Amino acid sequence: MKLPAALPVLRGAAPPADTAGALLSVQQLSVAYGQSEVLHGVSVRVEPGQVVCVMGRNGAGKTTLLKGIIGILRARSGRVLFDGRDLTAEPAYSRAHAGIGYVPQGRGIFPQLSVLENLLIGLEPVGGRDDGQLEEVFTLFPVLKQMARRTAGVLSGGQQQQLAIGRALMGRPRLLLLDEPTEGIQPSIVEQIEGVIASLKGRLAVLLVEQFLDFALANAEYCYVLESGSVTMEGPPAVLDAQRLREALAI
Numbered sequence: 001m002k003l004p005a006a007l008p009v010l011r012g013a014a015p016p017a018d019t020a021g022a023l024l025s026v027q028q029l030s031v032a033y034g035q036s037e038v039l040h041g042v043s044v045r046v047e048p049g050q051v052v053c054v055m056g057r058n059g060a061g062k063t064t065l066l067k068g069i070i071g072i073l074r075a076r077s078g079r080v081l082f083d084g085r086d087l088t089a090e091p092a093y094s095r096a097h098a099g100i101g102y103v104p105q106g107r108g109i110f111p112q113l114s115v116l117e118n119l120l121i122g123l124e125p126v127g128g129r130d131d132g133q134l135e136e137v138f139t140l141f142p143v144l145k146q147m148a149r150r151t152a153g154v155l156s157g158g159q160q161q162q163l164a165i166g167r168a169l170m171g172r173p174r175l176l177l178l179d180e181p182t183e184g185i186q187p188s189i190v191e192q193i194e195g196v197i198a199s200l201k202g203r204l205a206v207l208l209v210e211q212f213l214d215f216a217l218a219n220a221e222y223c224y225v226l227e228s229g230s231v232t233m234e235g236p237p238a239v240l241d242a243q244r245l246r247e248a249l250a251i
């Protein structure tokens, strides 16, 4: 598929009519906390096997977008389509069962449970069946196998991030939502997570929220920039205006 050059996106513009081939199609999504609207008609598209990055300053609406996609926050308007199925009114567990995995900012592990118990919870979207996922996760993150019986709360921040990603992969998602996976992580584990994303590319789609610009541009095939809850820039990394991008991210 030929990707378009980066173009500014006007707030309120109509969503693309053609969603054929998209695994995820977010169309004019608006999400609010109470009466305060945070997302204003955001449209995002992810193709099967594609890595897409959403960037923006703190408070731009990146985490709100992921929560709207997974169903933690309900849409005020707009639609969330997954493989052609309208999930807009579906609860979060239905979206997980449909094939969307979610790694929240802050990891969201169960600190009192063991590493293994945390991973096994990740089997819920596939009815508790382990068809080799556990060994696949242990191959991607060998430290989790070494620490399988250890209480998750004693792991380092980087190890907990690996556990959170591994748990999401246990449900065999077709789309993985990653919210700030490099935040507060030591460089060696950032490199390992980057390697995992690279190994997943083409096998499952990834929608990545990231503020670490170099990490985002190295891994993403397409990028969206959010400012004040609206998409203001999008395109493949190679055609994004570097100066404009740095200004948008306050770098």
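Here full-length UniProt numbering is used: the first residue of the sequence shown is 1, the next is one more, and so on.
Backbone N, C-alpha and C fix where the C-beta goes; we use that ideal spot for every residue, glycine too.
Remember, it's a predicted structure, so these values are computed and weren't measured experimentally.
As assigned by DSSP and simplified to three states, the class of residue 128: Reduced to three states, the DSSP call for residue 128 is coil.
Length of the line joining the Cα atoms of residue 203 and residue 197: One C-alpha to the other measures close to 10 Å.
Proximal residues to residue 39 (C-beta, below 7 Å), its chain only, five neighbours per side dropped: These residues qualify, in order along the chain: 29, 30, 31, 61, 64, 65, 68, 229.
Environment of residue 191 [buried if 16+ CB atoms lie within 10 Å]: Note on residue 191: under 16 other CB atoms within 10 angstroms of its CB, so exposed under the neighbour-count rule.
Between the CA atoms of residue 112 and residue 161 - distance to the nearest angstrom: Their backbone Cα atoms lie some 16 Å apart in a straight line.
8 Å Cβ shell around residue 114 - same chain, five flanking residues per side excluded: In chain order, 148, 149, 150, 151, 152 place their CB closer than 8 Å to the CB of residue 114, counting only its own chain and leaving out the 5 sequence neighbours on each side.
Among 156, 145, 247, nearest to residue 166 - alpha-carbon criterion: Looking at the Cα atoms, 145 is the closest of the given residues.
For residue 336, three-class secondary structure by DSSP: As displayed, the chain neither begins before 1 nor continues past 251, which places residue 336 out of reach and without an answer.
Rounded distance between the beta-carbons of residue 176 and residue 52, thought under 8 Å: No, residue 52 and residue 176 are not in contact; Cβ-Cβ is about 11 Å, not under 8 Å.
Residue 262 vs residue 133 beta-carbon contact at 8 Å: Since the first residue shown for the chain is 1 and the last is 251, residue 262 is missing from the structure and cannot be characterised.
Residue 26 versus 35, 33, 36, 42, residue with shortest Cα-Cα distance: The candidate whose alpha carbon is nearest that of residue 26 is 42.
Counted within 10 angstroms of its Cβ, other Cβ atoms place residue 234 as buried (16 or more) or exposed: Burial is judged here by how many other beta carbons sit within 10 angstroms of a residue's own beta carbon; residue 234 has at least 16 and is buried.
Contact under 8 Å by Cβ, residue 55 with residue 211: The Cβ atoms of residue 55 and residue 211 sit closer than 8 Å to each other.
Residues of its chain near residue 163, where Cβ-Cβ distance is below 8 Å and the 5 sequence neighbours each way are ignored: If we look at residue 163 and ignore the five residues flanking it on each side, its Cβ neighbours are 107, 109, 115, 118, 119, 141, 144, 152, 155.
First and last residue of the uninterrupted alpha helix (DSSP H) at residue 232: Per DSSP, residue 232 belongs to no alpha helix (DSSP H); it is in the beta strand (DSSP E), 230 to 235.
Span separating the alpha-carbon of residue 157 from that of residue 48: The straight-line gap from Cα to Cα measures roughly 30 Å.
Simplified DSSP state of residue 86, which is helix, strand or coil: The answer is strand: DSSP assigns residue 86 an E or B state.
Pairwise C-alpha distance: residue 194 and residue 219: About 7 Å.
Reduced DSSP category for residue 32 - H, G, I as helix; E, B as strand; rest coil: DSSP places residue 32 within a strand segment (E or B) once states are collapsed to three.
Alpha carbon of residue 224 to alpha carbon of residue 45, nearest angstrom: Straight-line Cα distance between these residues: approximately 10 Å.
Helix, strand or coil at residue 157 according to DSSP, with G and I counted as helix: The answer is helix: DSSP assigns residue 157 an H, G or I state.
Test item: CB-CB of residue 122 and residue 91 under 8 Å: Contact annotation: residue 122 and residue 91 have beta-carbon atoms that are not nearer than 8 Å.
Rounded straight-line distance, which links the Cα of residue 245 to that of residue 231: The alpha-carbon atoms of residue 231 and residue 245 are separated by roughly 12 Å.
Close Cβ partners of residue 294 (< 7 Å) along its chain, the five nearest in sequence each way excluded: The question about residue 294 has no answer, for the chain in this structure spans 1 to 251.
Residue 221 at chain C interface by Cβ criterion, 8 Å: The structure shown contains no chain C, having only a single protein chain.
Option in 77, 139, 22, 131 with minimal Cα separation from residue 89: The residue among 77, 139, 22, 131 with its C-alpha nearest the C-alpha of residue 89 is 77.
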